[in-house]
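Chains as they are written, first to last, in the numbering used here: chain A, 1002 to 1268; chain B, 2 to 362; chain C, 4 to 294.
Structure first, then comments.
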Amino acid sequence: MKVKKKTIGLVVYFILLMLPIYWMLNMSLRSNADILAFFTLYPKNITFANYIKIFTDSSWYMGYVNSIIYVALNTVISLSVALPAAYAFSRYQFVGDKQLFFWLLTNRMAPVAVFALPFFQLYSTIGLLDTHIAVALSHCLFNVPLAVWILEGFMSGVPREIDETAFIDGYSLPRFFITIFIPMIRAGVGVTAFFCFMFSWVELLLARTLTVTNAKPISAIMTRTISATGLDYGLLAAAGMLTIVPGALVIWFVRNHMAKGFALGRV
Amino acid sequence: MARIELNEIAHSYMAKPKGESDYALKRIHNVWDDGSAFALLGPSGCGKTTLLNIISGLITPSKGRVLYDGKDVTELPPEKRNIAQVFQFPVLYDTMSVFNNLAFPLRNRGIHETQVKKRVLEVAEALDLTPFLNMRAAGLAADAKQKISLGRGLVRSNVAAILFDEPLTVIDPQMKWDLRRKLKEIHEQLMQTFIYVTHDQVEALTFADQVGVMFEGEIVQIGSPQDLFEKPEHRFVGYFIGSPGMNFLECTLEGNVARVDGAGIVLDEQIAAKGHRARGKLELGIRPIYLEIHAESANGMVPADVRAVEDLGSYKIVTLTLAGKTLKANLPEDQPVPEGQVWLGFPPQWTKLFADGWLIK
Amino acid sequence: MEKWPNNKAWFLVIPVFVIVAFSAFIPLMTVINYSLQDILAPGQSVFVGTEWYKEILSDYRLHEALWRQFLFSGLVLLIEMPLGILIALAMPKRGWGVPASLVTIALPLLIPWNTIGTIWIIFTRPDIGLFGFGMNNLLGIPFDHTASSLDAWITVMLMEVWHWTPLVALLAYAGLRAIPEAYYQAARIDGASAWSTFFYIQLPKMRGVLTIAFLLRFMDSFLIYAEPFVLTGGGPGNSTTFLSIYLVKIALLQFDLGPGAAFSLIYFVIVLSFSFIFYQALLRVGKGETV
């Protein structure tokens, strides 16, 4: 009986969680005139006009491409620098290790708004403004510390006897690291990549500040729906729905890894 | 305190078990008398822990009934069964002091605080935990933590039985010895029913009056340590108990002579007669300690080759080959070991015959 | 477990150090530089010392934004931590329900932050939103987050709880899954109630992940920008102008670089010191010198 109550509570929570998203879906399938004309719980005259408009206008769909390029770049950069560093923090004791770790974490606490303007100036000075790499690099500010933090946790869970045995067997550090160690913590690498993807994908302020046209993210282009005639709710909702899709796809593909990662008791 | 009765118990972890192999426990039918110290011995994966969890109520068996003093408790959860259980790894309430950890099972049952204090102090004294009582449990060493787990098992004075699931796994060998002796003392004092699960034969044989040997979901034999050693009813008992285990040789019968390839070994006449009627694969079994090694041939002896000798200080283990099969023999330290070919004697009273794994008697 | 002392490990850390320093030191220097100068025109500036700090620290709108921010973050932690733990406790432990609920719960976390604002505009508008329309027309409670400060606060809180409770739930769930089955078995044998099991086993064992959740939620709620900016634009009036929104207003919209930079640094120091204090405090609770 108790189990049942729990499940009912959870289902109610899931419905509340999905309701706002459902509402946006409802709006995205109606024309703006239809939306403003009457209130309805489900779209009575379904139209895909909003979606068609987005997919036929290159400035719209290039927004998605831009976002995906810099998110992927950021995930690759963050992981490739964080892996060796996390190994160093989990295995070695060196001068300034604790201070360095704390300093890294403080960058996770910096108000992004603080850095928006100096970033703009920095990247325009070195001529990287309005490029994907600029956004990817700027997101490293909060993703690299997070990646080091998470990976260090996973790596500390692997007993050091494994490293010692491999070194005695004549493995060099890079070979051991790539062929033995990384495969052992692949669940952790997956979880980390997931978090890097997530935080880079959802960030807007830096992405918008550092881009003009060529690398502009979709979430910034969305603001264009506010035109002289007022807000086009249908179009805004359709664009919003489309920004949810890549994230939803990513979770869908990693769902079993997540379940496994959670079974290991680490995030 | 109670007599525990397991009535045709079988258990499978699958929702819809198909064949016999899906069952973790195949058929357990057994009674444990009130106040006895009982050990369950078996390799990992044989179903010992499953059986223990069925007795305590953590698992409801797929088939069969569990009775305490004749009362059916099969459907009751552990908290309603009045039973204590100690687990393989220390389980502690990290945020509590040692005292509160020990008091926890009593307080949950609404026992009066003066009584709680008395019992906790008694148990702490018995387990040498008194100096730690006011410390936090989380910061202690592994053996002290396990002693707290043991203490929580022992603290309730009126339980039907106390179940131990390999409780000394994390303890150092020296400490293990002390704790086992302590448990035995406590048992003799309280005369509660103890059921002790282990894969370590020394632990089982020294702790308990009665030992049950488990193999692939069944209890294959229950008996005193001496019975298990001298009259193993199943080849697994012979193999698992004793170090090294019993020697087994596949054989055929001719009259009262067992033929192992060319060699002939004389058996007890009655056993040989029963062996002729038995079905399945016949095997001859003899404990290494009863195997005789002679330099000269005599009547009824069979030739064998010495392959290796290990000197263990107080005795020697000799490895021999007989008709391509490997045998082990224990020799006293002072007996010289001949080299090369030797003659083996199989005393009929210690030479057992097994059909399909089961002893012919 | 002692770690191997080896200063060569620095070579492994250098890439991280370089990449983060590039994104942290140079902008930080720029910000410090600005905060000490009055920039009259590009290339023309005067050193003003601590002038901007004095001005910013005595700005009553900053004080208001700061209190608003503390109230907001306090409410966020007060609501999201227990709610997240409750959800984690209710989540299934095995079977198909595990990936299903993980996917459902993680979904809000992967929605871009300004889309979150958009979703909630559409959801709460009194004319077209399910929530706004329902409140006004079905329940008869007047509700308009663009006109009433209280309604704006309620909307922002609802959005924040909707958006971020899943993170707490996921972390708490991970912590729960790490508890060995033997603990639950021992609790049943010991006759512990569901409440004692929670209080003496689950909560202490979740301490590590809950510390992470607490710190992340404090930091991120204290830095919140995009979602309320899209939803309310800081209004009505200044009622939902949180620190970040006010900072962007000064630094990027009014282009007051000096005061903006001074503000940034003060803001940074506040987040840093509170995170540090919380971290130390939570660590001490964990060690628990008292029994």
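Even for Gly, the Cβ is constructed at its ideal location relative to N, Cα and C.
CB contact check: A/P1184 to chain C, cutoff 8 Å:
no
Would you kindly check if the distance between the Cβ of B/R260 and the Cβ of B/G358 is under 8 Å?
no
Please report whether the beta-carbon of B/L184 lies at a distance below 8 Å from any beta-carbon of chain C.
no
Within this structure, are the beta carbons of C/M245 and C/A68 separated by less than 8 Å?
First, the residue type needs correcting, since residue 245 of chain C is Phe and not Met in the sequence shown. Yes, Cβ-Cβ distance for C/F245 and C/A68 is below 8 Å.
Three-state secondary structure assigned by DSSP to C/L74:
helix
At 4 residues or longer, what runs of the alpha helix (DSSP H) sit wholly inside the stretch 230-296 of chain B?
236-241, 270-278
8 Å Cβ cut-off: residues of chain C touching B/F208:
The premise fails here: B/F208 is roughly 21 Å from chain C at the closest Cβ pair, so nothing lies under 8 Å.
Based on the DSSP secondary-structure assignment, which residues constitute the bridge partners of B/A11?
B/K64
Is C/L213 close to the ligand SAM? I mean its beta-carbon at under 7 Å from any heavy atom of the ligand.
As for the ligand SAM, it is missing from this structure, which has no ligand bound.
Suppose you measure from the CA of A/S1228 to the CA of A/L1207; what does that come to, to the nearest Å?
At A/S1228 the pLDDT is 48, less than 50, meaning the model places this residue with poor confidence; the figure from the coordinates comes in the next sentence. Going from the Cα of A/S1228 to the Cα of A/L1207 covers about 24 Å.
On the criterion of 16 or more Cβ atoms from any shown chain inside 10 Å, does C/L60 qualify as buried, or is it exposed?
exposed
Selection of the stretch 87-113 of chain B by Cβ proximity to chain E, strictly under 8 Å:
The displayed structure is made up of protein chains A, B and C, and chain E is not among them.
Nearest chain C C-beta to B/P132 closer than 8 Å, yes or no?
no
Using three-state DSSP, classify B/N54 as helix, strand or coil.
helix
Cβ contact (3+ pairs, closer than 8 Å) linking the stretch 180-195 of chain C and the stretch 137-145 of chain C
no
When you compare only the Cα positions, how much space is there between A/N1051 and A/L1123?
38 Å
Taking Cβ positions, are A/Y994 and C/K6 nearer each other than 8 Å?
Any answer about residue 994 of chain A is impossible in this case: the structure gives chain A only from 1002 up to 1268.
Hey, is C/E254's beta-carbon within less than 8 Å of any beta-carbon in chain A?
The displayed chain sequence assigns Ala, not Glu, to residue 254 of chain C. Yes, because at least one Cβ of chain A sits closer than 8 Å to the Cβ of C/A254.
Within 8 Å (strictly less), CB to CB, does B/L26 reach chain C?
no
Classification of A/P1068 by the beta-carbon crowding that lies within 10 angstroms, buried from 16 upward
Per the sequence shown, the amino acid found at residue 1068 of chain A is Ser instead of Pro. Per the 10 Å Cβ criterion, buried.
Quick one: is A/A1089 near chain C, going by C-beta distance under 8 Å?
yes
Would you say B/E167 and B/T199 are within 8 Å of each other, going by their C-beta atoms?
yes
Would you kindly work out how many angstroms separate the C-alpha atoms of A/L1042 and C/L133, rounded to a whole number?
8 Å
Return the chain-ordered list of same chain residues with a C-beta closer than 7 Å to the C-beta of A/V1072, the five sequence neighbours on each side being excluded.
F1198, S1201, W1202
Going along the stretch 173-192 of chain C in order, which residues come within less than 7 Å of chain B, judged by CB to CB distance?
A185, Y186, Q188, A189, R191, I192
Between the Cα of C/Y203 and those of B/E340, B/V92, B/F88, spot the shortest distance and give me the residue it belongs to.
B/V92
Nearest to C/R191 by CA position, among B/L323, B/E255, B/Y197, B/P78, is which residue?
B/P78
Simplified DSSP state of C/G291, which is helix, strand or coil
Here the model assigns C/G291 a pLDDT of 44, short of 50, so the residue's position is not dependable and the matter cannot be decided.
Give me the chain C residues within the contact set of B/P79, using Cβ-Cβ distance strictly less than 7 Å, ordered along the chain.
R191, I192
Suppose you measure from the CA of A/A1167 to the CA of A/R1161; what does that come to, to the nearest Å?
10 Å
Please confirm whether A/S1228 has its beta-carbon closer than 8 Å to some beta-carbon of chain C.
Low per-residue confidence applies at A/S1228: pLDDT is 48, beneath 50, and the placement is therefore not dependable, though the value from the model is reported in the following sentence. No, no contact with chain C.
Is the beta carbon of C/A12 less than 8 Å from the beta carbon of A/F1095?
yes
B/M97, DSSP secondary structure in three states
coil
Is B/P289 near B/K329, with beta carbons less than 8 Å apart?
yes
Taking 6 Å as the limit between beta carbons, can you name the residues of its chain near A/S1091, skipping five residues before and five after?
E1153, M1156, S1157
Start and end residues, alpha helix (DSSP H) containing B/V160:
Segment: none, B/V160 is in no alpha helix (DSSP H) and carries neither H nor E.
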